[in-house]
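Chemist: First to last, the sequence lines map onto chains A and B.
With this note's numbering applied, the first sequence has no gaps in its numbers, which climb one by one up to 281 at the end.
With this note's numbering applied, the second sequence has no gaps in its numbers, which climb one by one up to 281 at the end.
First, the structure itself, so that you have it in front of you.
Protein chains: 2
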Amino acid sequence: MPDEPTAFVPGHVTGFFSPAPADDPARAGSRGAGLTLTDGVAVTVHEADEPGVVLDGDALPMPPVETVLSGLGVADRARVVAESDLPLGTGFGVSGAMALGTALAANVRFGCERSANDLVTLAHRAEVEAGTGLGDVVAQARGGVPIRLEPGAPAYGRLDGVPATRRVEYVTFGDLSTAEVLAGDTDPLVRAGEAALDRLVDRPTLPTLVAESRRFARDAGLLTDRVREAVDAVAAAGGAASMAMLGETVFALETGLTDAGYDASVCRTCDAGAHLVDGG
Amino acid sequence: MPDEPTAFVPGHVTGFFSPAPADDPARAGSRGAGLTLTDGVAVTVHEADEPGVVLDGDALPMPPVETVLSGLGVADRARVVAESDLPLGTGFGVSGAMALGTALAANVRFGCERSANDLVTLAHRAEVEAGTGLGDVVAQARGGVPIRLEPGAPAYGRLDGVPATRRVEYVTFGDLSTAEVLAGDTDPLVRAGEAALDRLVDRPTLPTLVAESRRFARDAGLLTDRVREAVDAVAAAGGAASMAMLGETVFALETGLTDAGYDASVCRTCDAGAHLVDGG
Chain A
2 MPDEPTAFVP
12 GHVTGFFSPA
22 PADDPARAGS
32 RGAGLTLTDG
42 VAVTVHEADE
52 PGVVLDGDAL
62 PMPPVETVLS
72 GLGVADRARV
82 VAESDLPLGT
92 GFGVSGAMAL
102 GTALAANVRF
112 GCERSANDLV
122 TLAHRAEVEA
132 GTGLGDVVAQ
142 ARGGVPIRLE
152 PGAPAYGRLD
162 GVPATRRVEY
172 VTFGDLSTAE
182 VLAGDTDPLV
192 RAGEAALDRL
202 VDRPTLPTLV
212 AESRRFARDA
222 GLLTDRVREA
232 VDAVAAAGGA
242 ASMAMLGETV
252 FALETGLTDA
262 GYDASVCRTC
272 DAGAHLVDGG
Chain B
2 MPDEPTAFVP
12 GHVTGFFSPA
22 PADDPARAGS
32 RGAGLTLTDG
42 VAVTVHEADE
52 PGVVLDGDAL
62 PMPPVETVLS
72 GLGVADRARV
82 VAESDLPLGT
92 GFGVSGAMAL
102 GTALAANVRF
112 GCERSANDLV
122 TLAHRAEVEA
132 GTGLGDVVAQ
142 ARGGVPIRLE
152 PGAPAYGRLD
162 GVPATRRVEY
172 VTFGDLSTAE
182 VLAGDTDPLV
192 RAGEAALDRL
202 VDRPTLPTLV
212 AESRRFARDA
222 GLLTDRVREA
232 VDAVAAAGGA
242 ASMAMLGETV
252 FALETGLTDA
262 GYDASVCRTC
272 DAGAHLVDGG
């Protein structure tokens, strides 16, 4: 094989969600909706005596990645090297992307002969077990603008989508701990998330998705001051924006943040789900 | 809206299949597997007093497209203009692509506010009712290398995939009538298709997919002389090729047909499923 196998996994901002716990991590997850992004994570898997995970040049522990490698039986000889367009811990699904990209690339590198659904399931379970995400992996596997109708890995979950493609802008002010939010009282999240999903299913368009995300963030009490200010500024400039779940990150359709005077990063919704780009 | 909405739908070559009829066209379809292609069909929908369908400059009747437009309630005012990289009737799923691309683009053009699954269901039903295809639409909606585990539209069907991306070559000698083949004795197809699917699920790789496709085409008695000659020539040159279901078309991985001396068209497996490209 000339090149080491590399997978690209789109970033994913969740706009609203309701946690759906279950004893079996393949059945656990969340309902909700969000946008996958052309900004994402490229994950390469090497065979090496020194296993480990490197993200943007820094070695770091990443439990979901290690769980995926163990599930494939290659934890003692895989070195994972990832380059991310997006910061970790700020609501872009970077840890889910690392887990799913590792599954796709390691499957090729070590000839594991797993199916796409098997690899998504491995990564989804690993994320749920680590408490780092509930719905990113299945959304990132799909691409586009995923609606998560039922929680869980492919054998249990059910996805639909908003049929649209659009320019997306984002700014990040800081990180939030998914695990910490989920450890608190999640009843308001569940109520607000289910109401938002009902309304989006009734009218599956991008403007509805962003409007329901904004209502969810407010009703669930998750807006920080900096995020509220940016979201309000975009609305005042005639645009549509909301907060990424879970990070101190604001995303907007089209030129929403730029029009409001922010120095935003620019990408698009990602037409393709996670896929091998080289050596696959 | 500055531009008329346009959808791109990848081509799809089915390598093997087993028909799965049902009274409800949303539950009918086929099991099987194939490759989606970066060569495909771009479909634009205009509002016009003169409705109609134009493919590569020629007006033609296309019942699945008309059924989709009727399902969206816009048959009297939609003009569908498509450009295809691939010939019609030769096993590339062009009619499925026309139906699905029309659904995606018309949904935007006329503000129908349907979900992705709703649009796929409309197009799948229309193809099944017209007898022009059984599994192309759901495969084209997914992208990649789809395995159709269970037949039917998203509410009923079940998909997996071979996690791979690869250069694909193809040559076309002529057309075959899907409706005619399906009107014959389909028992050998069902037996050969189910056996091939079992073996691919057991080992979901591209070489398995092509090898099982070759065995299926032979066992089901569908190889024409020209197709057999090309498939054998690719194998003799060390490559992997089989026949597209249903057309007098041969597809090969990597440089298989070129290595065997054929003047082949070149594309890749398509990482993205059907999606809006403009005005969406």
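Built from N, CA and C at the ideal position, the CB exists for glycine as well.
1) Could you name the residues of the same chain whose beta carbon sits closer than 8 Å to that of Val55 of chain A, not counting the 5 residues immediately before and after it, in chain order?
2) Could you tell me which residues DSSP pairs with Asp59 of chain B in its beta bridges?
3) Of the residues that make up the region 97-118 of chain A, which ones have a beta carbon closer than 8 Å to any beta carbon in chain B?
4) Check this for me: beta carbons of Arg168 of chain B and Pro6 of chain B, under 8 Å apart or not?
5) Here's the rule: buried if 16 or more other CB atoms are within 10 angstroms of the residue's CB, otherwise exposed. What is Arg215 of chain A?
6) Using a Cβ cut-off of 8 Å (strictly closer), state whether Asp40 of chain A contacts chain B.
7) Using a Cβ cut-off of 8 Å, pull out every chain A residue sitting near Val163 of chain B, in sequence order please.
8) What are the residues of the region 194-212 of chain A that lie near chain B, defined by any Cβ-Cβ distance shorter than 8 Å?
9) In the structure shown, what three-state DSSP assignment does Met2 of chain A receive?
10) Please confirm if Ala273 of chain A has its CB atom under 8 Å from at least one CB of chain B.
11) Could you say which of A:Ala236, A:Asp220, A:His125 lies nearest to Gly158 of chain A if we only look at CA atoms?
12) Can you tell me the Cα-Cα spacing of Gly16 of chain A and Gly92 of chain A, whole angstroms?
13) Check Phe93 of chain A in the structure and name its three-state DSSP category.
14) Is it a yes or a no for the region 36-48 of chain B touching the region 115-122 of chain B, going by three-plus beta-carbon pairs under 8 Å?
15) Beta carbon of Gly16 of chain B: closer than 7 Å to some heavy atom of the ligand NAD?
16) Ordered along the chain, which non-local residues of its own chain (more than five positions away) have a Cβ less than 8 Å from that of Ala206 of chain A?
17) Thr166 of chain B touches chain A at which residues, Cβ-Cβ below 8 Å?
18) Around the Cβ of Ala231 of chain B, are there at least 16 other Cβ atoms within 10 angstroms (buried) or fewer (exposed)?
19) Using beta carbons (cut-off 8 Å, strictly below), is Gly145 of chain B in contact with chain A?
20) Give the DSSP bridge partners of Met244 of chain A, in chain order.
21) Can you tell me whether Ser19 of chain A is helix, strand or coil according to DSSP?
22) Less than 8 Å between the C-beta atoms of Gly194 of chain A and Ser19 of chain A, yes or no?
23) What are the partner residues of Ala83 of chain B, as DSSP defines its beta bridges?
24) Measuring straight from C-alpha to C-alpha, what distance separates Met63 of chain B and Asp57 of chain B?
25) From which residue to which residue does the beta strand (DSSP E) around Leu150 of chain A run?
26) Helix, strand or coil for Thr68 of chain B? Go by DSSP, reduced to three states.
27) Compare the beta carbon distance of Ala43 of chain B and Thr122 of chain B with 8 Å and say whether it is the shorter of the two.
28) Buried or exposed: which applies to Leu72 of chain B, given that a residue is buried once 16 or more other Cβ atoms fall within 10 Å of its Cβ?
29) With H, G and I counted as helix, E and B as strand and the rest as coil, what does DSSP make of Gly194 of chain A?
30) Return the residue from the list B:Ala107, B:Gly136, B:Gln141, B:Tyr171 that minimises the CA-CA distance to Ala261 of chain B.
31) So if DSSP puts Glu128 of chain A in a beta bridge, which residue, or which two residues, is it bridged to?
32) Short check: CB of Gly30 of chain A to CB of Val191 of chain A, under 8 Å?
33) Please list the partners that Leu120 of chain A has in chain B, where partner means a Cβ-to-Cβ separation under 9 Å.
34) Going by DSSP, which residues form a beta bridge with Arg159 of chain B?
35) Tell me which residues share the same chain as Gly153 of chain A and place their Cβ nearer than 7 Å to its Cβ, disregarding the 5 neighbours each side in the sequence.
36) Quick one: Cα of Leu160 of chain A to Cα of Ile148 of chain A, how far?
Modeler: Short version:
1) Leu61, Arg80, Val81, Val82, Ala83
2) B:Leu56
3) Leu105, Asn108, Val109, Glu114, Arg115, Ser116, Ala117, Asn118
4) no
5) The residue in question, Arg215 of chain A, is buried, as its Cβ has 16 or more Cβ neighbours within 10 Å.
6) no
7) Ser116, Ala117
8) Val202, Arg204, Pro205, Thr206
9) Note that Met2 of chain A scores 42 on pLDDT, short of 50, meaning its location in the model is unreliable; the coordinates nonetheless yield the value given after this. Collapsing the DSSP output to three states places Met2 of chain A in coil.
10) yes
11) Per the Cα distances, A:His125.
12) 10 Å
13) coil
14) no
15) Ligands in the displayed structure: none, and consequently the ligand NAD is not present.
16) Just to set this straight, residue 206 of chain A is Thr in the shown sequence, not Ala. The answer, listed in chain order, is Val163, Ala165.
17) His276, Leu277, Val278, Gly281
18) By the neighbour-count rule (16 or more Cβ atoms within 10 Å), Ala231 of chain B is buried.
19) Yes, Gly145 of chain B lies at the interface with chain A (some Cβ there is under 8 Å from its Cβ).
20) Answer is A:Val251, bridged to Met244 of chain A.
21) strand
22) yes
23) Per the DSSP secondary-structure output, Ala83 of chain B pairs in a beta bridge with B:Val44, B:Leu56.
24) Near 13 Å, if we compare the C-alpha coordinates of Asp57 of chain B and Met63 of chain B.
25) If you look at Leu150 of chain A, you'll find it in the beta strand (DSSP E) that goes 147-151.
26) helix
27) no
28) Leu is not the amino acid found at residue 72 of chain B; the sequence shown has Gly there. Under this definition Gly72 of chain B is a buried residue.
29) helix
30) B:Tyr171
31) Per DSSP, none; premise fails for Glu128 of chain A.
32) The Cβ atoms of Gly30 of chain A and Val191 of chain A lie no closer than 8 Å to each other.
33) Pro164
34) Checking the DSSP bridge columns, you'll see Arg159 of chain B partnered with B:Glu151.
35) Ala27, Arg28, Ala29, Gly30
36) 6 Å
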